[in-house]
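**Student:** Under the working numbering, the residues of the sequence shown are numbered 8 to 519, in order.
Sharing a structure below in structure tokens format, with a few things to ask.
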Amino acid sequence: MKNMDKTKEQLIEEINEMRLKLQIEIDSRKQAEAALRQSEEKFSKAFLFGPDTFIISNLSKGCYVDVNDAFLKATGYTREEVIGHSSESLGIWADPEDKGRIFTQVKERGSVRNIEINFRMKSGEIITTLLSATIIDICGEEHLIFMIKNINEHKRMEDALRLSEERFSKAFNVSPIPMTITTFEEGRFLDSNDSFNDMYGSSREKLQDKTSLDVFWLDSDARNLVTQRLLENGSIRNMEITFKNKTGEKRSALYSAELLNVMGTRCILSIFSDITELRRMEVEIARLDRLNLVGEMAASIGHEIRNPMTTVRGYLQMLRENVDYKREAEQFDLMIEELDRANSIITEFLSLAKNKMVKLRPENLTSIIMKLLPLIQTRAISQNHYIKLELIDLPDLLLDKEEIHQLIFNLVNNALESMSSAGNVTIRTLIENGEVVLAVQDEGHEIDGELLDKLGTPFLTTKEQGTGLGLAVCYRIAARHNAKIDIETSPTGTTFYVRFPIPTNAIITMVS
């Protein structure tokens, strides 16, 4: 009896345990069913209302089972035109081979993700998409679910960006104007075009180890001014700057710049056009205009002034010889001396005349210098200086000998007066770039930059007794000989270069 009661208790306990397990199983199934319902509800909402296209097709039959509204809106089909039909009958695949490739990959891997595929819409328009697909089981039958994202606009923007970058790259690289891209903060080179590289005799690779301050800015203040303006305005247009070239020479440029973002780094696109020669030409034109004006005045009034002065000088000489004015002889000498000085100024003044006649004949520049040497050497020695010659054999040039005398004398005189202590004036001749060059070099002080641009302007002088006509006459004589004057100045002295063109027949003789 006792054993039977014990068995009942065991049975009751086992039944209770079974009830508990059954309840747990029921609760677990209810939770799973609820989760499944939630999952199905989420999928259903994503399928029906998502912005991307969803398609469910029967894997074995290849016909559409369901599509969402996004598909119908994108393709232009109605649900009735799609459900139960295959993609082949609708001609949706722009390239039919894509379907076979996708189906093969899905069967092998179970799914595919983000494959770029082109689809044909009902209108015939081809759009580019990203396709993802996986196999799902519906009622024991395999189906394919496709998610398709339209990237047509994205592709269009990519193509437009690529085209824009290609156009910029071509414009940047083939532009005859020097251009660079540097970082805003450090000025480190990211890129430079061929025009810039040629100007500095460098390459993109070599420049990428340097900064813009190393290469073309004169100092940090100049660069800071540019970066400050870029921060204020975002861009710079035709700002005149001074920069250094590969030899360190100061040059003028019109500078433009724009802020860029390159892969998240703030950068500066710099464009600058060297206008050094343009500015020199403007200065030269202004100087020539003034020379022309003075020359016209000289031609108009020079002779009218000189003729009465000659008469006055003659009478002064006659009166000086008169015994009645013997005591005033010294005063007469002073008046005659001042008249002679005025006459020499008028002679220089007349040399500025634009239409002055010159007699161009074959002459040798070296011979002219040698004949003039005793006169200029005497003048140099009297001022505790010395003339040194470095001459070479030269072809004959078409020269007006008297005018070239005046040119050399004025340049040498200018060089002598520039030296306060004992020093040498060196006269050199050379042939350079198809030109005969006369160089007159002193050992005086450096010419100030502002004054340098004005040299050759009539009446410009820094000397108490100067007329400001000596160099102006030199420029006018050079112009009448189709020559040009260049100047180099440094703390050790200044050199004037007069560059004469070599006549064609002289070049032929030299080559022979």
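Glycine included, each C-beta is placed from N, C-alpha and C at the ideal position.
Whose CA, out of G255, Y393, E370, F507, lies closest to the CA of P381?
**Tutor:** Looking at the Cα atoms, Y393 is the closest of the given residues.
**Student:** Do T261 and S280 have their CB atoms nearer than 7 Å?
**Tutor:** It is worth fixing the name first, because residue 261 is Leu in this sequence and not Thr. Result yes, Cβ atoms of L261 and S280 sit closer than 7 Å.
**Student:** Quick one: grab the DSSP three-state call for H412.
**Tutor:** Helix, per DSSP.
**Student:** Quick check: what's the CA-CA separation for I134 versus F126?
**Tutor:** Using only the alpha carbons, I get a separation of about 6 Å.
**Student:** Compare the beta carbon distance of I248 and A264 with 7 Å and say whether it is the shorter of the two.
**Tutor:** It is not a contact, given that the beta carbons lie outside the stated cut-off.
**Student:** For W150 and S130, what's the separation of their Cα atoms in angstroms?
**Tutor:** First, the amino acid is wrong: residue 150 is His here, not Trp. Near 28 Å, if we compare the C-alpha coordinates of S130 and H150.
**Student:** Could you check where the alpha helix (DSSP H) with K106 kicks off and where it finishes?
**Tutor:** First-last of the alpha helix (DSSP H) with K106: 103–116.
**Student:** Could you say which of I158, E165, E192, E87 lies nearest to V238 if we only look at CA atoms?
**Tutor:** Note on identity: in this sequence residue 238 is Leu, with Val being the wrong assignment. Cα-wise, what sits closest to L238 is E192.
**Student:** Can you name, in chain order, every residue of its own chain whose Cβ lies under 8 Å from the Cβ of G451, other than the five neighbours on each side?
**Tutor:** Same-chain partners within the cutoff: A422, S425, M426, S427, G430, G500, T501.
**Student:** Considering only the beta carbon of each residue, do F507 and A490 sit closer than 7 Å?
**Tutor:** It is a contact, given that the beta carbons lie within the stated cut-off.
**Student:** To the nearest angstrom, how far is the alpha carbon of E20 from that of R26?
**Tutor:** Taking the straight line joining both Cα atoms gives about 10 Å.
**Student:** Can you give me the C-alpha to C-alpha distance between E165 and S176, rounded to a whole angstrom?
**Tutor:** Distance between the alpha carbons of E165 and S176 is about 16 Å.
**Student:** Please specify which runs of the beta strand (DSSP E), each continuous and at least 3 residues long, are wholly inside the stretch 53–91, giving them in chain order.
**Tutor:** Qualifying beta strand (DSSP E) stretches, in chain order: 60–65, 71–74.
**Student:** Quick check on the DSSP output: the beta strand (DSSP E) that includes T272 runs from which residue to which?
**Tutor:** Looking at the DSSP string, the run of the beta strand (DSSP E) that includes T272 is 272–281.
**Student:** Less than 7 Å between the C-beta atoms of T496 and E439, yes or no?
**Tutor:** Cβ distance not < 7 Å, so T496 and E439 don't count as in contact.
**Student:** So for D460, helix, strand or coil by DSSP?
**Tutor:** In this structure, D460 counts as coil in the three-state DSSP scheme.
**Student:** When you compare only the Cα positions, how much space is there between S210 and N204?
**Tutor:** Straight-line Cα distance between these residues: approximately 5 Å.
**Student:** Please determine if the stretch 271–290 and the stretch 312–324 are in contact, where contact requires at least 3 C-beta pairs separated by less than 8 Å.
**Tutor:** At 8 Å Cβ cutoff, the stretches do not touch.
**Student:** Leaving out five residues on either side along the sequence, give the residues of the same chain with a beta carbon under 6 Å from the beta carbon of L462.
**Tutor:** Excluding sequence neighbours, L462 sits near L478.
**Student:** May I have the straight-line CA-CA distance separating K106 from H92, to the nearest angstrom?
**Tutor:** For K106 and H92, the distance between alpha carbons rounds to 15 Å.
**Student:** Would you give the residue range spanned by the alpha helix (DSSP H) that Q390 belongs to?
**Tutor:** No alpha helix (DSSP H) contains Q390, which DSSP labels as neither H nor E.
**Student:** May I ask you to report which of helix, strand or coil DSSP gives M342?
**Tutor:** Helix at M342.
**Student:** Just the C-alpha distance for A140 and C146, rounded to the nearest angstrom, thanks.
**Tutor:** Each residue's Cα considered, the two are about 19 Å apart.
**Student:** For R334, collect the residues of the same chain with a Cβ closer than 8 Å to its Cβ; drop the 5 residues on either side in sequence, then sort them by chain order.
**Tutor:** Closer than 8 Å at Cβ, skipping near neighbours: no residue.
**Student:** Please return the same chain residues whose Cβ sits closer than 7 Å to the Cβ of T433, not counting the five positions on each side in sequence.
**Tutor:** Closer than 7 Å at the Cβ level, and outside the excluded window around T433, lie K395, E397, Q448.
**Student:** My guess is that L459 and I494 are in contact by the Cβ rule of under 8 Å, so how many angstroms apart are they, rounded?
**Tutor:** That pair is a contact at about 6 Å.
**Student:** Measuring CB atoms only, is the stretch 403–419 touching the stretch 366–382, in the sense that at least three cross pairs come out at less than 8 Å?
**Tutor:** The answer is yes - the stretch 366–382 touches the stretch 403–419, with three or more Cβ pairs under 8 Å.
**Student:** Under 7 Å, do I375 and V419 count as touching if we go by C-beta distance?
**Tutor:** No; because the gap between Cβ atoms is not below 7 Å, this pair is not in contact.
**Student:** Just list the residues that DSSP pairs A260 with in beta bridges.
**Tutor:** Paired residues: I248, D281.
**Student:** Roughly how many angstroms lie between the CA atoms of N200 and N180, to the nearest whole one?
**Tutor:** Spanning the two alpha carbons is a distance of roughly 5 Å.
**Student:** Measuring only between beta-carbons, confirm whether V444 sits less than 7 Å from chain C.
**Tutor:** Absent from the structure: chain C. Only one protein chain is present.
**Student:** Which one or two residues does DSSP pair with S497 in a beta bridge?
**Tutor:** Partner(s): G500.
**Student:** Cβ atoms of K253 and F223: under 7 Å apart, would you say?
**Tutor:** Contact flag unset, no.
**Student:** If you draw a straight line from the alpha carbon of N23 to that of D144, how long is it in whole angstroms?
**Tutor:** About 38 Å.
**Student:** Identify which residue in R174, E337, Q215 has its Cα closest to the Cα of I188.
**Tutor:** Of R174, E337, Q215, the residue nearest in Cα terms is Q215.
**Student:** When you compare the CB positions of I343 and R313, do they come within less than 7 Å of one another, or not?
**Tutor:** Cβ distance not < 7 Å, so I343 and R313 don't count as in contact.
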